[in-house]
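>
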Amino acid sequence: MATEEVKKVVVKKVKQPPRPEDLALDVASQQMIVRSREMEVETIFDRAQTMKQCSIGVQGTCCKNCAQGPCRLPLPKGGIEGEDTRKGLCGATAQTIAARNFARMVAGGAAAHSDHGRAVAETFLAAARKETDDYHIKDTKKLLEIAPDYGVDITVEGENGEILDRDTDEIAVEVGENALAQWGQQSGEVCTIKRAPAARYELWKKLGVAPRGIDREIVEIMHRTHIGVDQHYENLTQQFSRAAIADGWGGSMIATDLQDVLFGCPYPVKSTANLGVLREDHVNLVIHGHEPLLSEMVVQVAELPEMIELARQKGAKGIQLSGICCTANELLMRHGIPLCGDFLQQELAIITGAVDAMVVDVQCIMENIANVAECFHTKIITTNPKARIESGDTIHIEFDEHTAFEDAKKIVRTAIENFPNREKEVHLGGTFRGSYSTLNDNIINGRIRGIAGVVG
Amino acid sequence: MIKNDVIVLATGCTAIAVAKAGLMTPEAAKVYCGPGLAEVCETVGIPPVLHMGSCVDNARILMAATEVVKAGGLGNDISEVPVAGSAPEWMSEKAISIGHYFVTAGVYTVFGGTALPVTGAPVFQNHLFNELEGLYGGMWDMEEDPIKHAHKMIAHIDKKRKALGIDKARERVLMSMADRRELEAA
Chain V
1 MATEEVKKVV VKKVKQPPRP EDLALDVASQ QMIVRSREME VETIFDRAQT
51 MKQCSIGVQG TCCKNCAQGP CRLPLPKGGI EGEDTRKGLC GATAQTIAAR
101 NFARMVAGGA AAHSDHGRAV AETFLAAARK ETDDYHIKDT KKLLEIAPDY
151 GVDITVEGEN GEILDRDTDE IAVEVGENAL AQWGQQSGEV CTIKRAPAAR
201 YELWKKLGVA PRGIDREIVE IMHRTHIGVD QHYENLTQQF SRAAIADGWG
251 GSMIATDLQD VLFGCPYPVK STANLGVLRE DHVNLVIHGH EPLLSEMVVQ
301 VAELPEMIEL ARQKGAKGIQ LSGICCTANE LLMRHGIPLC GDFLQQELAI
351 ITGAVDAMVV DVQCIMENIA NVAECFHTKI ITTNPKARIE SGDTIHIEFD
401 EHTAFEDAKK IVRTAIENFP NREKEVHLGG TFRGSYSTLN DNIINGRIRG
451 IAGVVG
Chain X
457 MIKNDVIVLA TGCTAIAVAK AGLMTPEAAK VYCGPGLAEV CETVGIPPVL
507 HMGSCVDNAR ILMAATEVVK AGGLGNDISE VPVAGSAPEW MSEKAISIGH
557 YFVTAGVYTV FGGTALPVTG APVFQNHLFN ELEGLYGGMW DMEEDPIKHA
607 HKMIAHIDKK RKALGIDKAR ERVLMSMADR RELEAA
């Protein structure tokens with residue numbers, strides 16, 4: 001994309017810049033915020049000081065679903081006494097508008113996760129059909145475990161009525177086909193929702209929220225939230241419930257299932273976390289985004305003797321891979337590859353000056369990494385046709401499941417050929433799993449009070 | 457949460473943040489946990505915060521909750537299990553979808569950091585924060601103060617413990633499968 005106007009982005013003058021320790025609890029982040037200010041490189045921590053949030057949007061009551069508006073329905077400061085008479089031009093109430101906006105957020109989220117799942121399902125099917133040499137069915141144990149949930153038999157009846165194991169390749173193809181069919185299915189229900197406890201599954205059916213097909217529920221939200229369609233917040237809530245279930249128990253769950261079969265189930269690993277994982281004497285290739293389809297292939301390529309040799313020729317001792325955002329989690333749990341940082345650290349990682357290339361795919365990639373990278377030698381490589389960046393000067397190396405290995409080679413080579421760097425300290429982290437009866441026993445006897453799922 | 461003996465399953469950027477804070481090492485149990493959770497972590501050799509994967513892997517938390525139901529003794533549905541959900545610094549639309557599939561799975565779910573964009577519509581907000589409990593056994597909540605946020609979750613967990621009749625059982629009882637069935641029948 002445009003290369004001419006390569007300039008440093010100057011921090012806007014803020015009256016009193018907040019102390020770094022008030023912006024981030026994490027010490028490595030604080031240090032990088034200080035460094036970014038010294039170098040006059042703008043980050044999200046600066047922009048957050050100057051951006052004034054939209055006070056109506058934050059309440060969920062701005063409607064821009066048609067051109068009669070945008071209609072703004074803020075709640076009066078003192079609240080509303082008596083009847084709420086706020087209405088948009090079409091008559092939509094604050095409840096209708098907020099419910100429609102909320103529904104569209106669910107649609108956006110469910111679409112992101114589920115489209116990720118679709119990409120995994122497509123690659124899985126290509127691997128199962130042996131249309132690609134680059135991906136293989138790795139965890140057949142998990143394949144046999146999940147197959148029945150996709151309506152796929154794992155045994156066949158022999159000529160004399162004996163029960164025989166079915167061919168794994170055949171099972172894989174059928175699982176892939178049935179998984180992919182969940183997106184376009186028009187009626188019935190997404191097959192994996194039956195994994196829920198029986199009482200929950202029956203409740204969903206009773207409430208009319210058992211999803212029919214993953215794409216269908218998302219599309220129906222977009223239809224219902226168009227001007228003049230669904231104008232009852234309870235009815236809208238029912239539909240975005242159906243879409244959310246299609247995500248959690250459908251698109252997302254299928255993504256996890258098939259990723260585990262393709263790349264192996266995660267296991268307890270010990271690793272390290274934070275910006276300090278970047279190494280001064282190694283080529284630092286940071287993988288940022290979400291889909292392990294890309295990162296798994298980069299891992300394989302970075303271990304090739306020819307790549308390590310190339311890194312040595314360029315004066316590095318080796319290649320250090322690390323991850324940002326959920327790709328980091330995928331790399332950590334399957335390979336013990338260190339976590340470089342979370343969402344808010346993507347610009348800060350580049351500010352270390354030690355990142356030779358940051359390769360990105362989809363979701364949670366800040367457009368501004370491209371601007372920050374312009375202040376350093378760091379190359380930003382986009383890989384997904386769905387996700388390009390206009391800012392800065394990025395390279396696009398398209399990643400295709402049929403040519404994945406060769407594509408990954410190009411990416412790793414680009415990083416190696418762009419080597420010189422610096423470094424910082426290391427913190428420890430890790431990941432472990434356990435069995436459930438111990439958990440239940442200890443909840444019952446009270447040593448463990450309960451469980452919290454903490455996400456985001 | 458872990459100080460109050462609540463085991464934490466984390467995903468996505470939250471998992472990275474807690475890993476950086478050192479809470480995903482088994483050694484963290486002794487330093488930060490209440491005595492009950494510390495003892496369990498030490499015995500089993502696990503950290504008090506378990507990494508469950510990326511944000512697409514929240515399905516693993518749903519399956520963990522389902523396995524807890526199947527293992528017995530903690531009710532017949534996820535809504536009966538002493539469990540709560542949280543996105544302490546939610547940001548994306550994905551988080552909203554995740555939050556809602558937790559709620560519709562029967563989990564009380566608290567969002568923090570920034571308010572949910574529903575405050576301008578009090579009737580709709582009440583539907584999400586209160587009425588959904590009557591339908592799904594789970595509902596939304598929000599709390600920006602992290603300590604209050606955690607205590608809301610703990611209060612919900614305690615409410616579920618009480619409903620299961622295990623709120624007083626703080627002594628060490630070795631549970632057999634038969635004991636669990638008995639509890640379930642009660």
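Each protein sequence line maps, in turn, to chains V and X. Quick note, the first sequence lines up with residues 1 to 456 if you use my numbering. Quick note, the second sequence lines up with residues 457 to 642 if you use my numbering. Backbone N, C-alpha and C fix where the C-beta goes; we use that ideal spot for every residue, glycine too.
(1) Going by the DSSP bridge assignment, what does Y564(X) pair with across the sheet?
(2) Nearest to D361(V) by CA position, among C63(V), D115(V), G248(V) and T93(V), is which residue?
(3) Reducing DSSP to helix, strand and coil, say where Q238(V) ends up.
(4) What residue does the beta strand (DSSP E) around N284(V) start on, and which one ends it?
(5) Specify, as a first and last residue, the run of the alpha helix (DSSP H) that L262(V) falls within.
(6) Residues of chain V with CB under 9 Å from D601(X), in chain order?
(7) Please state whether DSSP places A354(V) in a helix, a strand or coil.
(8) Going by DSSP, name the residue or residues bridged to R637(X).
(9) Whole angstroms is fine: what's the gap from E21(V)'s alpha carbon to L73(V)'s?
(10) Given a threshold of 16 other Cβ atoms within 10 Å of its Cβ, counted over all protein chains shown, does I97(V) qualify as buried or as exposed?
(11) Apply the 10 Å Cβ neighbour rule to C325(V) and answer buried if 16 or more other Cβ atoms are within range, or exposed otherwise.
(12) Return helix, strand or coil for R422(V), following the three-state DSSP convention.
(13) So, for R516(X): in the same chain, excluding its five sequence neighbours on each side, which residues have a beta-carbon less than 6 Å away from its beta-carbon?
(14) Would you say L518(X) and W249(V) are within 8 Å of each other, going by their C-beta atoms?
(15) Between the alpha carbons of R195(V) and G176(V), how many angstroms are there, rounded?
(16) Which class does G142(V) belong to by DSSP, given the choice of helix, strand or coil?
(17) Return yes when the Cβ of A540(X) is within less than 8 Å of the Cβ of Y564(X), no when it is not.
(18) Which class does S36(V) belong to by DSSP, given the choice of helix, strand or coil?
(19) Measure how close the beta-carbons of V462(X) and A210(V) come, nearest whole angstrom, since I'm counting them as under 8 Å.
(20) According to DSSP, what are the bridge partners of A466(X)?
(21) Please go through the same chain and pick out, in chain order, the residues whose beta-carbon is closer than 6 Å to the beta-carbon of V34(V), but skip the five residues on each side of it.
(22) Just tell me which of E217(V), I389(V) and T85(V) has its CA closest to the CA of C364(V).
(23) For A577(X), which three-state DSSP category applies?
(24) Under 8 Å between C-beta atoms, does K608(X) make it to chain V?
(25) Residues of chain X with CB closer than 7 Å to the CB of H232(V), please, in chain order.
(26) With DSSP collapsed to three states, give me the class of V649(X).
(27) Would you mind telling me which residues of chain X sit closer than 8 Å to S197(V), beta carbon to beta carbon, in chain order?
(28) Output, in chain order, the set of chain X residues within a Cβ distance shorter than 7 Å of A110(V).
(29) Would you say V500(X) faces chain V, with C-beta separation under 8 Å as the test?
(30) Of all Cβ atoms in chain X, is any one closer than 8 Å to the Cβ of A94(V)?
(31) For a contact meaning CB atoms closer than 7 Å, what does R462(V) contact in chain X?
(32) Identify the continuous beta strand (DSSP E) that holds W648(X) and give its terminal residues.
(33) Quick check on this structure: which residue in E599(X), A485(X), L588(X) and E638(X) has the alpha carbon closest to the alpha carbon of F240(V)?
(34) For M480(X), I'd like the list of residues in its chain whose CB is within less than 7 Å of its CB, leaving aside the five on either flank, ordered along the chain.
(35) Does the CB of H223(V) have a neighbour CB from chain X at under 8 Å?
(36) Could you tell me if K616(X) is buried or exposed, where buried requires 16 or more neighbouring beta carbons within 10 angstroms of its beta carbon?
Here's the rundown:
(1) A540(X)
(2) D115(V)
(3) helix
(4) V283 to H288
(5) S252 to F263
(6) Within 9 Å Cβ-Cβ: nothing; D601(X) doesn't reach chain V, min ~15 Å.
(7) coil
(8) Beta-bridge pairing links R637(X) to no other residue.
(9) 37 Å
(10) buried
(11) buried
(12) Below a pLDDT of 50, predicted positions are generally treated as unreliable, and R422(V), at 44, falls in that range; the measurement from the model is reported next regardless. In this structure, R422(V) counts as coil in the three-state DSSP scheme.
(13) M508 and G509
(14) yes
(15) 18 Å
(16) Residue identity differs from the one stated: residue 142(V) is Lys in this sequence, not Gly. It is helical.
(17) yes
(18) helix
(19) With 8 Å as the limit, V462(X) and A210(V) do not qualify as a contact, their Cβ atoms being about 31 Å apart.
(20) V454(V) and H507(X)
(21) P20
(22) I389(V)
(23) coil
(24) no
(25) Those do not exist, as H232(V) stays about 10 Å from chain X at its closest Cβ, beyond 7 Å.
(26) Only positions 457 to 642 of chain X appear in the structure, and residue 649(X) is not among them; the question remains open.
(27) In the sequence as presented, Ser is not what sits at residue 197(V); that position holds Pro. In chain order: T522, V525, K526, N532, D533 and I534.
(28) S553
(29) yes
(30) yes
(31) The structure shown has nothing for residue 462(V), since chain V only spans 1 to 456.
(32) The structure shown does not extend to residue 648(X), since chain X is modelled only from 457 through 642, so no value can be given for it.
(33) L588(X)
(34) V474, P503, V505 and H507
(35) no
(36) buried
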